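J.: Just dropping this structure here.
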Amino acid sequence: GAVVSQHPSRVICKSGTSVKIECRSLDFQATTMFWYRQFPKQSLMLMATSNEGSKATYEQGVEKDKFLINHASLTLSTLTVTSAHPEDSSFYICSARDIFGRVSYNEQFFGPGTRLTVL
Amino acid sequence: DAKTTQPTSMDCAEGRAANLPCNHSTISGNEYVYWYRQIHSQGPQYIIHGLKNNETNEMASLIITEDRKSSTLILPHATLRDTAVYYCIVRDSGGSNYKLTFGKGTLLTVNP
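So the protein lines, in turn, are chains E and U. In terms of the working numbering, the first sequence opens at residue 1 and continues consecutively. In terms of the working numbering, the second sequence opens at residue 1001 and continues consecutively.
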């Protein structure tokens, strides 16, 4: 099946620093990637939709200047958490839409997630 | 707001069928029913989806009622590795909106 990777899997950083998380589609092309955030014991919340070659679309309440998204190629999207604070500690998950539809045209495949801890 | 309602949790004995219900009474004609699951501390995994016909794949079966207001995901022979949170999601078939809106899901615990 289609594989999506994320790097790093875990990151611990100091408050005020920036952290970059990569999301890669390993064996398919993805014009659209999605970024989610999940706090403990809660469901996934969509943060933004990342479109290759254009600006990301952010969900209501998500600060675009704090969560910078770049989707420079059909296989890579990055999320940068700028000036991270302890309340940004969360599980960040990306997904990628397979434009050629291995399962069906609209399927999304999820990465394994990145655990961010801000001290 | 999530368009689906699922029980918070369910238990199932290993080797038995797990039947997970989902209500989606406001589903519209062009919306599909999708099921994903999330094992603890991992990303969600696609299971199955359908529009109005029953569907089966190597992982599960999806039974959708004739009025499409509810559905049931069936894991025919549950194993301990099927313990996860199962999400039932209603989504438009395409256009410009491929977003998935996750509700709280059902925590399925498969017991030995």
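Even glycine gets a Cβ: it sits at the ideal position worked out from N, Cα and C. All figures in this text were calculated on a predicted structure; none of them were measured in a lab.
Use the C-beta contact count for U/ARG1037: other C-beta atoms within 10 angstroms, 16 or more gives buried, fewer gives exposed.
T.: U/ARG1037 is buried by the Cβ-count criterion.
J.: Give the list of continuous alpha helix (DSSP H) stretches no shorter than 4 residues that lie fully inside the segment 1061 to 1094 of chain U.
T.: You should have found no qualifying run.
J.: Are there 16 or more other CB atoms within 10 angstroms of the CB of E/ALA148, so buried, or fewer, so exposed?
T.: Since the first residue shown for chain E is 1 and the last is 119, residue 148 of chain E is missing from the structure and cannot be characterised.
J.: When you compare the CB positions of U/LEU1020 and U/THR1072, do they come within less than 8 angstroms of one another, or not?
T.: In contact: U/LEU1020 and U/THR1072 (Cβ atoms closer than 8 angstroms).
J.: What beta strand (DSSP E) runs, 3 residues minimum, are completely inside the segment 33 to 79 of chain E?
T.: 45 to 51 and 67 to 73, all fully within the segment 33 to 79 of chain E.
J.: State the beta-bridge partners of U/ILE1048 as determined by DSSP.
T.: According to DSSP, U/ILE1048 bridges with U/TRP1035.
J.: Which residues mark the beginning and the end of the beta strand (DSSP E) in which U/MET1010 is found?
T.: Start and end: 1009 to 1013.
J.: Does E/GLY111 have its Cβ less than 8 angstroms from a Cβ in chain U?
T.: So yes, E/GLY111 belongs to the interface.
J.: Within a Cβ cutoff of 6 angstroms, which residues of the same chain sit near U/ILE1027, ignoring the five residues on either side of it in sequence?
T.: Only ARG1068 and VAL1090 meet the Cβ criterion.
J.: Taking C-beta to C-beta, are U/THR1056 and U/HIS1024 nearer than 8 angstroms?
T.: Taking 8 angstroms as the Cβ cut-off, U/THR1056 and U/HIS1024 do not qualify as a contacting pair.
J.: Would you mind working out which of E/SER73, E/THR75 and E/PHE110 sits nearest E/PHE91, comparing C-alpha positions?
T.: Considering only alpha carbons, the answer is E/PHE110.
J.: Is there a Cβ from chain U that is less than 8 angstroms from the Cβ of E/LEU44?
T.: So yes, E/LEU44 belongs to the interface.
J.: Give me, in chain order, the residues of the same chain whose beta-carbon lies closer than 8 angstroms to that of U/SER1009; leave out the 5 immediate sequence neighbours on both sides.
T.: For U/SER1009, where only same-chain residues beyond five positions count, the Cβ hits under 8 angstroms are THR1106, LEU1107, LEU1108 and THR1109.
J.: Tell me, to the nearest whole angstrom, how far the beta carbon of E/GLN32 is from that of U/TYR1086; I am working on the premise that it is less than 8 angstroms.
T.: It should be noted that the sequence gives Thr, not Gln, for residue 32 of chain E. Wrong, their Cβ atoms sit about 24 angstroms apart, outside the cutoff.
J.: Determine whether the Cβ of E/THR49 lies closer than 8 angstroms to any Cβ atom of chain U.
T.: At least one chain U Cβ lies under 8 angstroms of E/THR49.
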